[in-house]
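Protein chains in written order, with my numbering: chain A, 30 to 480; chain B, 12 to 168.
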Amino acid sequence: MLARQDIDYDALVKEDRVHLSLYTNPAVFADEMDKIFHRGWVYVGHQGEVPNVGDFRLKRIGLQPVIMVRDQHGAVQLLFNRCRHRGATLCQEGQGNTRSFRCMYHGWTYQLNGDLSGVPGEEAYGDGFKREELGLMKVPRVASYRGFIFGSLSPAGITLEEHLGRAAAELDLFVGLSNADDVEVVSGIHKYHYQGNWKLAAENSMDGYHAPIVHASFGQALMDKIKNNPSPEQQRAGRDLIGMGGVTKDLGNGHVMLDYKMRIYDSLNNDPMPTVRAVTPEGQEQLAELVRRFGEERAANMLREGGTHTFIFPNLILIGIQMRVLQPFSADRTEVCLYPTLLKWLAPEVNTIRLRSHEAFFGSASFGGPDDSEIFERVQAGCAVALEPWQLLSRGLHRERHEDGVIIGDFADEVTQRGIWRQWKKVMTQEAGATRTARKRSGNVMAGKGR
Amino acid sequence: MAFDRQQVEQFIYHEAQLMDEHCYDEWLALWSDDALYWVPSGRDEIDPAREISLIYDDRVRLQVRIARLKSGFAHAQEPKSRMRRVVSNLVIEEAEDGEITASSNFMLAELRRGKQDIFAGRTLHRLRPYHGGFQLVTKKVLLINNDEYIDNLTFLI
């Protein structure tokens, strides 16, 4: 195996192909953790997961365990899950509500904001002991957009706004233009692993080419349903799905999307569909704005089954009504968590339909997601073939269009995969000391902009 | 109407065998039109109006589930899981409306592509007397690992 510094990423990532070792080599994985997950902006969670003081959820940034908690002042904190004394993890439950975090090794106790509040027999440490220096370590940079909370383990670097760039508009649509406080993330989590590299799920999530093949069973079952329930609404859904109209887009910074308008996930729900209506004045404004921009039918569909289909580099996927988080575990193992969302201003029956739409295609027993995971494992197994070890990503390369800095291709072109890899290569070949130098120069972590 | 314990047992064992052997059409034929096939996610007692399940199938979606499994393109079941399950600890009660509730434990060994998994839980069946036998009205499966990572639950549980 090559040492990390000897890996020539320029030779392994070409415009039209990538080398299979990037999915299998543990040294590449370790390098990705350092350069992508332990340095740049990484999605951690949404504030709607911890609505009340003391609510917490266990998360990870790269491989490092982090507690996302609503502190005693109502702010959301990202604290490393490790006692400052002898290093045990403090929090064992995946989620819950607590008044403080107490280490069960020697009883050191921390407030919700990470301050050290109790040390049994503190006087034994002598005069030099300072509690205020021994609070839980915090993620160096935390920023949020529409309640989506991102963290960076690097004290300096570009801002979250710069990182998100054009993709911020897709986060807006994902939450139906709702305020951060109106997004509810309390509907449970679908969780699964697959035996494959994390980038396989990233690439696949924005792949318009695979849908008619990997998801042939969904298409066929849906047609069967339409045949047995020939309502006009169902027939239109079927036509839309066959049409598969839409485009691929590379928004920059590794953020890519499938931009389409057809109804997919709620097509398994029964007619008549509930009327999409808002139950608060703010919601009525947001609904009116969506109708103004997209028309009544599309706006209703966006609220029933999801308003965007976007990958936020490196680990957040917005599909349907779910926030999907990729958690790399090793070069050939990945954990995936799906967090369905509700909107506080939507009528209850519409929120329920969102969940039924989600269950149709996503989760371990659904009609879509498990077939994708199966294919990821087949790709990972195929990576063992050493002859001609390349993945081809050239579909539609000759017909990419550039519009206002966005690269656009046909729905089944590999614009999106190329966009992810372009950013991957940029980050992986970045001068390792760049961030640290910038920090030393500025002397102020908040002032650190650009690299 | 007093129920016949042995008849209820036979129904439950028969259903288990149909699932083990992927007898999709026969399994589907057990269900009533107002069917609910429910596997909660996260914990046993959830509010389906506000929370997701692993499976929350009405009759129409059950039909879609079966049509998909039979399509030949349900890759997560190509090859199919090989399964045998044991059903036990059966408690049967008669509801006020003459329907039967049966709760039982199961343990399922599932083998696919060289990997063997164990699934376990408690199943709540609601049965409706029908033409001298029963129709399956609701089935709620409480998996002991419903809050854990579950990689592939595309077989019948």
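No residue lacks a Cβ here, since even glycine has one placed at the ideal position from N, Cα and C.
Starting from the C-beta of residue i, find all residues in its chain whose C-beta is less than 8 angstroms away, skip the five residues before and the five after it, and write them out in chain order.
i      : result
H431/A : I437
R46/A  : W419, Q420, L421, L422, S423
R128/A : G83, L141
V435/A : R195, K278, D279, L280, G281
W38/B  : E26, L29, M30, I77, L167
A87/B  : N163, T165
E318/A : L206
Compare the Cα-Cα distances from residue i to each of the options and report the closest residue.
i      : options                        : result
E26/B  : A78/B, A113/B, L164/B          : A113/B
L65/B  : I218/A, Q140/A, L51/A, K167/A  : I218/A
A441/A : P241/A, R306/A, P310/A, T339/A : P241/A
V243/A : S402/A, G77/A, I65/A           : S402/A
Q18/B  : T149/B, V148/B, G144/B         : G144/B
L73/B  : F396/A, M97/A, K290/A          : F396/A
V98/B  : D15/B, F117/B, L122/B          : F117/B
Y139/A : D100/A, K43/A, G349/A          : D100/A
F405/A : L202/A, A231/A, G248/A         : A231/A
E105/B : L135/B, E121/B, S92/B, K91/B   : L135/B
P51/B  : R79/B, A13/B, G125/B, D68/B    : D68/B
N157/B : E56/B, E121/B, H33/B           : E56/B
Among residues of its own chain, excluding the 5 on either side of residue i, which ones have a beta-carbon nearer than 7 angstroms to its beta-carbon?
i      : result
F177/A : Y72, H75, L200
V212/A : H75, G77, G176, V204, T370, L372
Exposed or buried, what is residue i when buried is set at 16 or more other beta-carbons lying within 10 Å of its beta-carbon?
i      : result
I129/B : exposed
G477/A : Because G477/A carries a pLDDT of 31, less than 50, the predicted location of this residue cannot be relied on, and the following value inherits that uncertainty. Burial call: buried.
L421/A : exposed
G479/A : Only weak support is given to the placement of G479/A: the predicted model assigns it a pLDDT of 32, under 50, and the question is left unresolved by the model.
T464/A : Because the pLDDT at T464/A is just 49, under 50, the model does not fix this residue reliably, and the value given afterwards should be weighed accordingly. Burial call: buried.
Y154/A : exposed
K151/B : buried
S207/A : buried
R321/A : exposed
H48/A  : buried
N330/A : buried
Q351/A : buried
L147/B : buried
A40/A  : exposed
A104/A : exposed
Y134/A : exposed
P399/A : buried
D15/B  : exposed
R407/A : exposed
H387/A : buried
V308/A : exposed
R383/A : buried
Tell me where the alpha helix (DSSP H) around residue i begins and ends.
i      : result
M30/B  : 16-31
L39/B  : 35-39
Q452/A : 444-457
D253/A : 245-257
Q315/A : 310-323
A131/B : Looking at the DSSP string, A131/B is not in any alpha helix (DSSP H); the run it does join, the beta strand (DSSP E), is 126-141.
A198/A : 197-203
L41/A  : 38-41
Starting from residue i, trace the beta strand (DSSP E) both ways and give me its first and last residue.
i      : result
L419/A : The question names Leu, but residue 419/A in the sequence shown is Trp. From DSSP, the beta strand (DSSP E) with W419/A extends over 419-421.
A113/B : 111-123
D55/B  : First-last for D55/B: undefined, no H or E at that position.
N100/B : 93-105
S207/A : That residue, S207/A, is in no beta strand (DSSP E); it is neither H nor E in DSSP.
Q356/A : 351-359
T118/A : Counting along the chain, T118/A falls outside any beta strand (DSSP E), and DSSP gives it neither H nor E.
L384/A : Not the beta strand (DSSP E): L384/A falls in the alpha helix (DSSP H), residues 377-390.
So, for residue i: in the same chain, excluding its five sequence neighbours on each side, which residues have a beta-carbon less than 6 angstroms away from its beta-carbon?
i      : result
G312/A : W374
G136/A : P149
T149/B : L47, R137
V379/A : P303, V305
G91/A  : M62, F66, H67
V57/A  : L51
Can you list the residues of chain D that residue i reaches, using a CB-CB cut of under 8 angstroms?
i     : result
G53/B : The question asks about chain D, but that chain is absent: this structure's protein chains are A and B.
For residue i, is the beta carbon positioned less than 8 angstroms from some heavy atom of the ligand COA?
i      : result
T134/B : Looking for the ligand COA in the displayed structure turns up nothing, as the structure carries no ligands at all.
Does the count of Cβ pairs from the segment 60-69 of chain A and the segment 178-195 of chain A closer than 8 angstroms reach three?
When C-beta atoms of the segment 60-69 of chain A are compared with those of the segment 178-195 of chain A, three or more pairs fall below 8 angstroms, so the two segments count as touching.
Inspect the CB distances between the segment 355-364 of chain A and the segment 222-241 of chain A and report whether three or more fall short of 8 angstroms.
The segment 355-364 of chain A is in contact with the segment 222-241 of chain A.
Decide if the segment 190-197 of chain A is in contact with the segment 278-295 of chain A; the criterion is three or more beta carbon pairs, one per stretch, under 8 angstroms apart.
The segment 190-197 of chain A and the segment 278-295 of chain A touch, with no fewer than 3 CB-CB distances between them shorter than 8 angstroms.
Under 8 angstroms, with one C-beta from each stretch per pair, do the segment 108-121 of chain A and the segment 162-172 of chain A reach the 3-pair mark?
Contact between the segment 108-121 of chain A and the segment 162-172 of chain A is present, because at least three Cβ pairs lie under 8 angstroms.
Taking one C-beta from the segment 389-396 of chain A and one from the segment 336-345 of chain A each time, how about it: are there three or more such pairs within less than 8 angstroms?
The segment 389-396 of chain A vs the segment 336-345 of chain A: no contact.
Any contact of the segment 55-71 of chain B with the segment 442-459 of chain A, i.e. 3+ C-beta pairs under 8 angstroms?
The segment 55-71 of chain B makes no contact with the segment 442-459 of chain A, as fewer than three CB pairs between them are under 8 angstroms.
I want to know whether the segment 119-135 of chain A touches the segment 84-92 of chain A - three or more CB-CB distances under 8 angstroms.
Taking 8 angstroms as the limit for Cβ pairs, the verdict is that the segment 84-92 of chain A does touch the segment 119-135 of chain A.
For the structure I just gave you, are there three or more beta carbon pairs, one from the segment 130-143 of chain B and one from the segment 90-110 of chain B, closer than 8 angstroms?
Here the segment 130-143 of chain B makes contact with the segment 90-110 of chain B; the two share three or more CB pairs at distances below 8 angstroms.
Whether or not the segment 45-54 of chain B and the segment 365-372 of chain A are in contact is what I'm after, with contact meaning three or more pairs of Cβ atoms, one per stretch, closer than 8 angstroms; do they touch?
Counting Cβ pairs under 8 angstroms, fewer than three are found: no touch.
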